[in-house]
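S.K.: Below is one structure. I have some questions about it.
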Amino acid sequence: MSLVIASNQVSDSISDTNSSIFKPWSFRNDLSSTYTIPSNGQVALQSVKYNLDGTIDLANDGQVLYQYTGEILDDGTDTMDDSTAVPIRTELFEGDGIEEVSVDQLAEKIELAINKKVYHPMLKDLAEVDVKRKPATNEFEGFNIVYKTNDDVLTNVVPADKYAIDGLYNDQRIGTDAELWTYSSGVFSTTSFIDGEIQSIILVDKPVSLYNGSMEFDISAVDTVANAFGVGSTRLVLFSDSAGDHCVPEYFVGDTLWNDASQSQDMMCDFFVYTDPSSKLLRVAHAVADSSDAGFERTIRMKEVDYLSNTTSHFNGDATKYDMGTNTDAYTKIKMDFNNQQVKISLVKADLTEVVLIDYDSTAPKGANLKPVNQSCWDLLPYMWLETVEGSTTNSITFDGMNQCSWLQDYAPYDVSGVGGKVDVLKGSWYNLLEGQGETEISQNLELRPWNDYSSLVSKEITIKGLATSPFKFLDIGSVLIVKQSDLYSPSIGANSGEILGFDDQTIEQNNTTTADLTRTFASTTIPQLLSTKTMFVRLDNFTQTTTNAFQGNRSSIIAHLPRFDGQIQTGRIYHEPKNLIFLDLHNSEPLKVNSFDISFCYSNEQYVQALTGQSVVVLYFRAKPE
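Residue numbers (the numbering used here): 735 to 1361.
Next comes the structure, spelled out in structure tokens:
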């Protein structure tokens, strides 16, 4: 009788499994001299030591996380009505059947899943998930989930001609009706007159940066005496309303801006600067709720903002709004600046001097402030509108450029090649995602919250967040991971990823950053429970023992079963010694001389257990079969 000790490496420290040809799940030990096994020999597993890095069985709808980017809520004083955002359901695994993955593979899947459902334009595609390990031993401790904020932007980008689509009429977008406008190198022009129709476009390249982003419109070619115009920034609505002709949300109501039946008002623009078709006075409007409008309680509509009551405005205290028809101050451009939730609008003269038309004023009445940039309109695109007047069809607005989000890939949900078909809504905004899923009611409920209700009867206001400056300049909103269903951050139905990710709390919040690279890191607080339901076995691959794997229906080299459910240890260093040795015949009638031992770990389907790391030690017990 004798023992044979086999191992893949000399040290017991956990190292990179790819650093050696002797994998912890499959290795060979060569002998310097021949080892003799007696005739009628038998082999049994005496003991085994291995390092289980941790595996998890992922199944469709099995593990759910919610991501939230918005105001940090104070439990006990705040509700979701105080937030401009909604938790976004994130499935960590979407596929058919069940898949077992290692911790490194799981980190990759978590990163992919998180980035798939990050829709804030300053965070999109920038999340990273790394495996957290002990510095000395490299043992698995959990995950680091890192959200990066990109403060880099593309400056002075004028979207290419192919990115211009009609701002309202679906038939013009899909090419069944001819457009009554042109767009070339930033110049938007009307070409024809149709009574009662407006001409508008959206530039669907990439959204404006909400980190010191801006866009600028040159209105010097507009005949402001004869023609009304409008510029702004808005979300892209992909699908037409129930009537099938206007690309606006189903819960949007038009005809609310002016009393001029000659010009349609069905268009929607989240933030809009325009002149009244009748008076030619310069006005500001936004798409908000107004619950005082009887019969339209669950809708949003265009509603004017009183910039004369805004103390930041150059026109604060004036008796009337600025007359753009006469334009006595000779403003030639309109500029919009974006900082997180705040939108600032300025008028620019030919000599580039600027005056503020409206900016966030915390002291102003609610009706004198623009709404916050909220989750429904995170992705803002340039919008231009021109009135068409019979006998005066040639007018133009020049888009001078914008600060785009440079890190977003192929934002445009439209097939801008000219076919007009739509592509994957996941490449668009959060609102586009809801459109594709038929769930725009979620956006509707968000936009009907009291802070977005500009009825004179509703006083609910929230602080509209800009950029924080200490210790570093960053978006003054928080990031929250919801790993168990939360009553505060709702809806979060089915959130159950706390154990997998290594978090004990329902929610993990961060609303500040102390790093110059503007990152927020969520580090596991406990070692995730990643015990697989799959059973492990040890194989002796180069000997003549006979084992039948009935599951596979064929012969096998398995010599022992390794239980993984002892109720104590799930990952890390694991030692197992069978209470009863099971000897297998080697069927050698003569002494058997060997010079190597091939060891491997497998599942019941004979696949390698690649969740092992570091040193594996297998002790074999050889003997002659008792008479």
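Each residue gets a CB set at the ideal place from its N, CA and C atoms; glycine is no exception.
Would you check if the distance between the CB atom of V942 and the CB atom of M1136 is smaller than 8 Å?
M.R.: Contact: yes.
S.K.: So, is D1024 buried or exposed, given that buried needs 16 or more other C-beta atoms within 10 angstroms?
M.R.: buried
S.K.: Evaluate contact between the region 1020-1039 and the region 1186-1198, counting only Cβ atoms and requiring at least three cross-stretch pairs below 8 Å.
M.R.: yes
S.K.: Terminal residues of the continuous alpha helix (DSSP H) containing N890?
M.R.: That residue, N890, is in no alpha helix (DSSP H); its beta strand (DSSP E) goes L888 to V891.
S.K.: Quick one: measure Cβ to Cβ for T1247 and R1254, integer angstroms, because I've assumed they're closer than 8 Å.
M.R.: 6 Å
S.K.: Go through its chain and collect everything with a Cβ distance to K1100's Cβ below 6 Å, but skip five positions before and after it.
M.R.: E1195
S.K.: Please report the straight-line C-alpha distance between V1352 and T768, rounded to a whole angstrom.
M.R.: 19 Å
S.K.: Just to confirm my understanding: we take C1111, look at its own chain, exclude 5 residues before and 5 after, and list those with CB closer than 6 Å. What are they?
M.R.: R969 and D1004
S.K.: Counting only the same chain and skipping the five closest in sequence on each side, list residues whose C-beta sits under 6 Å from that of Q999.
M.R.: G988, D989 and L991
S.K.: Using a 10 Å radius around the Cβ and a threshold of 16 neighbouring Cβ atoms, would you call R907 buried or exposed?
M.R.: Counting the other CB atoms within 10 Å of its CB gives R907 a total of 16 or more, which places it among the buried residues.
S.K.: Is the CB-CB distance between I1198 and Q1109 below 8 Å?
M.R.: no
S.K.: Taking the straight line between their C-alpha atoms, what separation do you get for S1231 and M1270?
M.R.: 25 Å
S.K.: For W1185, does the three-state DSSP call read helix, strand or coil?
M.R.: In the three-state scheme derived from DSSP, where H, G and I count as helix and E and B as strand, W1185 is classed as helix.
S.K.: Taking the beta strand (DSSP E) that W915 belongs to, which residues open and close that run?
M.R.: W915 to S918
S.K.: Of all the options E1233, S1338 and F1256, which has the alpha carbon lying nearest to the alpha carbon of A1284?
M.R.: Looking from the CA of A1284, the closest CA among E1233, S1338 and F1256 belongs to S1338.
S.K.: Could you tell me whether the region 776-784 touches the region 1340-1359, using the rule of 3 or more Cβ pairs below 8 Å?
M.R.: yes
S.K.: So, under 8 Å CB-CB, Q1138 and V887 are touching, yes? Tell me the CB distance rounded to an integer number of Å.
M.R.: 7 Å
S.K.: Say whether the region 908-920 touches the region 879-896, bearing in mind that this needs 3 or more beta-carbon pairs closer than 8 Å, one atom from each stretch.
M.R.: Taking 8 Å as the limit for Cβ pairs, the verdict is that the region 879-896 does touch the region 908-920.
S.K.: Rounded to whole angstroms, what is the Cα-Cα separation between D899 and L937?
M.R.: Per the sequence presented here, residue 899 reads as Ile, with Asp not at that position. Taking the straight line from one Cα to the other gives about 7 Å.
S.K.: In angstroms, rounded to a whole number, what distance separates the CA positions of I1242 and G876?
M.R.: 15 Å
S.K.: Using CA atoms only, rank isn't needed, just tell me which of N1050, G1029 and A1019 is closest to K1037.
M.R.: In this structure, A1019 is the residue among N1050, G1029 and A1019 with its C-alpha nearest to the C-alpha of K1037.
S.K.: Measuring alpha carbon to alpha carbon, tell me which of I1131, Q743, Q1244 and L1201 ends up nearest L807.
M.R.: Q1244
S.K.: Looking at the structure shown, is I1068 part of a helix, part of a strand, or coil, going by DSSP?
M.R.: strand
S.K.: Determine the burial state of S948: buried for a count of at least 16 other Cβ atoms within 10 Å of its Cβ, exposed for fewer.
M.R.: With 16 or more Cβ atoms within 10 Å of its Cβ, S948 is classed as buried.
S.K.: For Y1223 versus P821, is the C-beta distance shorter than 8 Å?
M.R.: yes
S.K.: Whole angstroms is fine: what's the gap from E1340's alpha carbon to I1293's?
M.R.: Between E1340 and I1293, the C-alpha separation is close to 13 Å.
S.K.: Would you mind stating whether L799 and L1215 have Cβ atoms separated by less than 8 Å?
M.R.: yes
S.K.: What three-state label does DSSP hand S745 in the structure shown?
M.R.: coil
S.K.: If you draw a straight line from the C-alpha of K1359 to the C-alpha of Y1309, how long is it?
M.R.: 27 Å
S.K.: Taking Cβ to Cβ, would you say L1115 is nearer than 8 Å to S1334?
M.R.: no
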